[in-house]
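Asker: Sequence lines, in order, name chains A and B.
Using this note's numbering, you'd call the opening residue of the first sequence number 1 and step up by one each time.
Using this note's numbering, you'd call the opening residue of the second sequence number 1 and step up by one each time.
Heads up, the beta-carbon is just placed ideally off N, CA and C, and yes, glycines get one too.
Number of protein chains: 2
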Amino acid sequence: MTGTNSGQMKLGAFLMAGGHHIAAWRHPDAIANAGVNIDHFIELARMAEAAKFDMVFVEDAAAIRERDPDLASQGARSTMFEPLSLLAALAVNTSHIGLVATASTTYNEPYGLARAFASLDQLSGGRSGWNLVTSASELEAENFVSSGLRPHAQRYERAEEFAGAAAALWDGVDSDAHTISDGVYADPAKLHPVDHHGKHFTLTGILDSQRSPQGRPIMVQAGASEAGKNLAARTADVVFTAAQTIEEAQAYYADLKSRMPAFGRKPDDLKILPGISPIVANSQSEARAKYEALQDLIPDEVGVALLASYLSIKDLSQYPLDGPLPEMPATDGIQSRQQLIVDQARRENLNIRQSARKFAGARGHWQLIGTPMQIADRLEERFLAKAADGFNIMGAYFPGALKDFIDLVLPELRRRGLFRTEYEGKTLRGNLGLSIPERAV
Amino acid sequence: MTGTNSGQMKLGAFLMAGGHHIAAWRHPDAIANAGVNIDHFIELARMAEAAKFDMVFVEDAAAIRERDPDLASQGARSTMFEPLSLLAALAVNTSHIGLVATASTTYNEPYGLARAFASLDQLSGGRSGWNLVTSASELEAENFVSSGLRPHAQRYERAEEFAGAAAALWDGVDSDAHTISDGVYADPAKLHPVDHHGKHFTLTGILDSQRSPQGRPIMVQAGASEAGKNLAARTADVVFTAAQTIEEAQAYYADLKSRMPAFGRKPDDLKILPGISPIVANSQSEARAKYEALQDLIPDEVGVALLASYLSIKDLSQYPLDGPLPEMPATDGIQSRQQLIVDQARRENLNIRQSARKFAGARGHWQLIGTPMQIADRLEERFLAKAADGFNIMGAYFPGALKDFIDLVLPELRRRGLFRTEYEGKTLRGNLGLSIPERAV
Chain A
1 MTGTNSGQMK LGAFLMAGGH HIAAWRHPDA IANAGVNIDH FIELARMAEA AKFDMVFVED
61 AAAIRERDPD LASQGARSTM FEPLSLLAAL AVNTSHIGLV ATASTTYNEP YGLARAFASL
121 DQLSGGRSGW NLVTSASELE AENFVSSGLR PHAQRYERAE EFAGAAAALW DGVDSDAHTI
181 SDGVYADPAK LHPVDHHGKH FTLTGILDSQ RSPQGRPIMV QAGASEAGKN LAARTADVVF
241 TAAQTIEEAQ AYYADLKSRM PAFGRKPDDL KILPGISPIV ANSQSEARAK YEALQDLIPD
301 EVGVALLASY LSIKDLSQYP LDGPLPEMPA TDGIQSRQQL IVDQARRENL NIRQSARKFA
361 GARGHWQLIG TPMQIADRLE ERFLAKAADG FNIMGAYFPG ALKDFIDLVL PELRRRGLFR
421 TEYEGKTLRG NLGLSIPERA V
Chain B
1 MTGTNSGQMK LGAFLMAGGH HIAAWRHPDA IANAGVNIDH FIELARMAEA AKFDMVFVED
61 AAAIRERDPD LASQGARSTM FEPLSLLAAL AVNTSHIGLV ATASTTYNEP YGLARAFASL
121 DQLSGGRSGW NLVTSASELE AENFVSSGLR PHAQRYERAE EFAGAAAALW DGVDSDAHTI
181 SDGVYADPAK LHPVDHHGKH FTLTGILDSQ RSPQGRPIMV QAGASEAGKN LAARTADVVF
241 TAAQTIEEAQ AYYADLKSRM PAFGRKPDDL KILPGISPIV ANSQSEARAK YEALQDLIPD
301 EVGVALLASY LSIKDLSQYP LDGPLPEMPA TDGIQSRQQL IVDQARRENL NIRQSARKFA
361 GARGHWQLIG TPMQIADRLE ERFLAKAADG FNIMGAYFPG ALKDFIDLVL PELRRRGLFR
421 TEYEGKTLRG NLGLSIPERA V
């Protein structure tokens, strides 16, 4: 199996402190202080590895997540470990699963970040991945510059240059450069200085690491804008996305893959993994009850404040909660997420309170509530319909929701031949069935 | 014991790939590929923890270490793990030992670095430390800017602002902010936004972490210039330094501690740990033979190139190797190290070849070759003479030289009551006998 769409699904386990549901930390089975509990993350990573997931995935923002005091008081997401140190700690407690950390091209420099991912790659024997983001939040901008959030186009211009410089650094060290024998540690002829003189960065050095066991760390992206899709088509190995309907997912999938040949790449060189939040139980009514119990933990004001922050609306509570969403302001934040919320409200005729509750559960990602058979049917349908190459599983609360998916849904996917029973390789690239990209330099 | 000079020594284990000696990787007992071998580092950290060392210490540079092809071919130091990911991996394999990583204020931003150290602190239960450096190497500058290495004064001005902003971030989260009970995750009134508008940084956010178990990560410095000493007197908990003679060490110790009252600090609030490279054996002749065997592994051209790089001399090999060192050029690099080499050459009447060989062994740090009794005598002498509060042990090659120090010298220091037999606390700050500094905000 090479993991093409006609083969098997790829699966990520998207980890997040107590869980993806805004009220996860209040769930009676959740570990409330999960964000600073490394044993909890080690348990989750080992659970995902035992289940043969391709990767664990960790989001990031260089700021607290919510400015609103109501949200801040519920801010379980704002006390996470920094992703690269978290994944380094997980690297030495796992052996096969990929380790994907989110990191920003807007608030880092190429040398520092390329090195950190190279280091994680060496620590893990070739299992690191970088989810490249451009940091759409004003709260992040306030921690770095006085001039506010940079416009979307500027951020992506910098991101493109950043990704190129990082690739050049990784490719500048030949795989046989470090012979470490006959009195020679490294062959200087096999270490190639980067010669980058761009608009945003100057970089003329050599990466102080050895060649990645997987050639280069895996590149992950989630861009949904034109600039984001083009960057992904050109540089990404994996794309993490959000889609509610199969039609939306198919359209995105076809669009993104069709952009790849222009960059000299085959559609199979990139795996598209939409996020899904499964709530599974042995009966439909039991699954629904699990979901409602979680939803009941969301205070109205918290749900509304969370929705407002994703919509870039300063104070949504001034509008009647039983009425429709107001007109949307222009945003330099995540434009696609704003659109997704508006579309869903229109499609399902949701008022503000209903939109808020729905969104707080999975933050715009596809929520699947049902039996193992029902969920496997829906995943198989999207996989075969070229709406997805696999999925990034967003447990509503940990470890429960991830464990349920593993125990109940995975056996059904395996019975259908849709998911592996053993890892194919030892590197993340190997398990994703991807080949090492051409040298950037 | 509170760890004052009248009490017991503090000890660091300065880890470095194959070892501190330039030819360490060529030693028959060394692990040649140590720089990318995490099991090797875990073994060293556990060995140091079993011996009750206060901390492991890791240096850093955001670049390969040597431009000269002769040096690059011997460049075992240039394939190290990135320190914060390395120490995160060590954090989950240890329980008491401090974890000190070097990181640059010139090529990072306060929010990113403060977060990374806060994360390491949470991962380790309060054992992180940050060795603040300003990055004196031109090789690093080339990876970040087109304008070359910034002048010393500019780097220190930025460092001072950086350290203040980081402290404000750490102090902005009250220790009782995260109650995680009664439906409240965090109390917004106990999260204090930083309000920093400086020359180099603007920062108005809140750290996305919980309060450090040790109040703040430990601050380590190695500055020897006027600006460096003032910054250390004001902000450092530990100072790592290099001194050859007891007089030099005493003068530095007295100078640095005398600067502290002006910043409202007591001399005991800072521990000065000179680096030492011990080569120990049960007889003097055996120790000498061990040392000479290592020295014989240094090719002349490698030693001379290494010396030239520390002296900021482009091509030292144009001068006769049997002659004296030439006039020194002005440098924006490490001025104190240049002076130390010149002083030692004058004091011991060394020609270039001899200086190079001597320097290649311990890079300017104090080299002690002798029996356990002899070495314990010298360490005790410096400790009691207020030349040091302890030492940072730089094993010439790993694990051998560190193991020898632990097996042979530590029992003698313990017999004299000069070193602990058990950890006093669980945090690095607790073991160093330091109290939590006053709030920066």
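#1: So, is the C-beta of R158/A closer than 8 Å to a C-beta in chain B?
#2: Beta carbons nearer than 7 Å to chain B: which residues of the stretch 170-182 of chain A have them?
#3: Please identify the residue among A13/A, A141/A, A189/A, F419/A whose C-alpha is closest to the C-alpha of V100/A.
#4: Please tell me whether E49/B has its Cβ less than 8 Å away from any Cβ of chain A.
#5: Any contact of the stretch 202-219 of chain B with the stretch 104-116 of chain B, i.e. 3+ C-beta pairs under 8 Å?
#6: Which residues share a DSSP beta bridge with K271/A?
#7: In three-state DSSP terms, what is N131/B?
#8: What residues from chain A crowd round A308/B, counting only those whose CB sits closer than 7 Å?
#9: What in chain A is Cβ-close to N108/B, meaning under 8 Å?
#10: Quick check on this structure: which residue in Q214/A, L191/A, A62/A has the alpha carbon closest to the alpha carbon of R429/A?
#11: State buried or exposed for S104/A, treating a residue as buried only when at least 16 other CB atoms are found within 10 Å of its CB.
#12: Roughly how many angstroms separate the alpha carbons of E161/B and P399/B, rounded to a whole number?
#13: Would you check if the stretch 218-229 of chain A and the stretch 177-197 of chain A touch, i.e. whether three or more CB-CB distances between them fall below 8 Å?
#14: Using a cut-off of 9 Å between C-beta atoms, extract the partners of M80/B located in chain A.
#15: When you check each C-beta in the stretch 384-414 of chain B against every C-beta of chain A, which residues fall closer than 7 Å?
#16: Quick check on this structure: which residue in A166/B, R347/B, H40/B, R26/B has the alpha carbon closest to the alpha carbon of Q122/A?
#17: I believe G172/A touches L207/A by the beta-carbon criterion, under 8 Å. Please report the beta-carbon distance rounded to the nearest angstrom.
#18: Determine, using beta-carbon pairs with one atom in the stretch 230-240 of chain A and one in the stretch 326-339 of chain A, whether at least three such pairs fall under 8 Å.
#19: Going by beta carbon distance, what residues of the same chain come within less than 8 Å of L402/B, once the five residues before and after it are set aside?
#20: Would G264/A be called buried (16 or more neighbouring beta carbons within 10 Å of its own) or exposed?
#21: Is there a C-beta anywhere in chain A that falls below 8 Å from the one on L139/B?
#22: Report the three-state DSSP secondary structure of P261/A (helix, strand or coil).
#23: Check the Cβ of S317/B against every Cβ in chain A and list those closer than 9 Å, keeping chain order.
#24: Taking only beta-carbon positions, decide if Y253/A is within less than 8 Å of chain B.
#25: Looking only at its chain, what residues have a beta carbon closer than 7 Å to the beta carbon of R158/A, apart from the 5 residues adjacent to it on each side?
#26: Cα-Cα, which of M55/A, H178/A, I22/A is closest to P299/A?
#27: Kindly confirm or deny that the stretch 378-389 of chain B and the stretch 408-424 of chain B touch, where touching means at least three C-beta pairs closer than 8 Å.
#28: With distance defined between alpha-carbon atoms, name the residue in P28/B, A50/B, S283/B nearest to I369/B.
#29: If you draw a straight line from the C-alpha of G303/A to the C-alpha of L316/A, how long is it?
#30: Taking DSSP as the reference, what is the three-state secondary structure of G215/B?
#31: What residues from chain A crowd round T105/B, counting only those whose CB sits closer than 9 Å?
#32: Counting Cβ pairs, one atom from each stretch, are 3 or more of them under 8 Å apart for the stretch 348-360 of chain B and the stretch 271-281 of chain B?
#33: Which value, in whole angstroms, describes the spacing of the CA atoms of L139/B and I64/B?
#34: By alpha-carbon positions, which one of L90/B, A356/B, P324/B, W366/B ends up nearest to R346/B?
#35: Please classify K358/A: does DSSP put it in a helix, a strand, or coil?
Answerer: Concretely, from the data shown:
#1: The beta carbon of R158/A does not come within 8 Å of any beta carbon belonging to chain B, so the residue lies off that interface.
#2: Contacts with chain B (Cβ-Cβ distance below 7 Å) from the stretch 170-182 of chain A involve H178, I180, listed in chain order.
#3: If we check each option's Cα against that of V100/A, A13/A comes out closest.
#4: So, not an interface residue.
#5: The stretch 202-219 of chain B vs the stretch 104-116 of chain B: in contact.
#6: K271/A is bridged by DSSP to V238/A.
#7: In the structure shown, the three-state DSSP call for N131/B is strand.
#8: By Cβ distance, chain A contributes nothing, its closest Cβ being about 17 Å from A308/B, past 7 Å.
#9: Those within 8 Å of N108/B in chain A are G112.
#10: Considering only alpha carbons, the answer is Q214/A.
#11: With at least 16 other beta carbons inside 10 angstroms of its own, S104/A counts as buried.
#12: Approximately 39 Å, taken between the alpha carbons.
#13: No, they do not touch.
#14: By Cβ distance, chain A contributes S119, D208, S209.
#15: Answer set for the stretch 384-414 of chain B: empty.
#16: Here the closest residue by C-alpha is H40/B.
#17: Sure, about 6 Å apart at Cβ, within 8 Å.
#18: No, because fewer than three Cβ pairs between the stretch 230-240 of chain A and the stretch 326-339 of chain A fall closer than 8 Å, the two stretches do not touch.
#19: So the qualifying residues of the chain are A13, L44, M47, A48, I393, G395.
#20: Around the beta-carbon of G264/A, fewer than 16 other beta-carbon atoms lie within 10 Å, marking it exposed.
#21: Residue contact with chain A for L139/B: present (Cβ-Cβ distance below 8 Å to some residue of chain A).
#22: Reduced to three states, the DSSP call for P261/A is helix.
#23: Annotation: S317/B has no Cβ neighbours in chain A at a cutoff of 9 Å; minimum Cβ distance is about 17 Å.
#24: Not an interface residue.
#25: The answer, listed in chain order, is T105, T106, H200.
#26: For P299/A, the nearest C-alpha among the options comes from I22/A.
#27: With the cut-off at 8 Å, the stretch 378-389 of chain B and the stretch 408-424 of chain B touch.
#28: The candidate whose alpha carbon is nearest that of I369/B is S283/B.
#29: Distance from the CA atom of G303/A to the CA atom of L316/A, rounded to whole angstroms, is 11 Å.
#30: Here G215/B sits in strand by DSSP.
#31: Using a Cβ-Cβ cut-off of 9 Å, T105/B is close to nothing in chain A; its nearest Cβ partner there is about 13 Å away.
#32: Taking 8 Å as the limit for Cβ pairs, the verdict is that the stretch 271-281 of chain B does not touch the stretch 348-360 of chain B.
#33: Within the model, the alpha-carbon separation for L139/B versus I64/B is close to 7 Å.
#34: That would be P324/B, whose Cα lies nearest to the Cα of R346/B.
#35: In this structure, K358/A counts as helix in the three-state DSSP scheme.
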